[in-house]
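Here the structure comes first, spelled out in structure tokens, and everything after it is commentary.
Numbering (UniProt numbering), first residue to last: 1 to 47.
See below:
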């Protein structure tokens, strides 16, 4: 039978996986900035 507690003690997260959340947040910020710029361009053309 598998002893989950012993297996969990052996577990070590991969650094790349630990940094994924930060990378996703950075990409989301870039996307939001791009949307703001596009909105400004569109609203400027309409006036």
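The beta-carbon is built from N, C-alpha and C at its ideal position, and this holds for glycine as well.
Judged by DSSP secondary structure, residue 12 falls outside any alpha helix (DSSP H); it is assigned neither H nor E. Residue 45 sits in a helix when the DSSP states are folded into three classes. When the Cα atoms are used, residue 2 and residue 38 turn out to be separated by approximately 55 Å.
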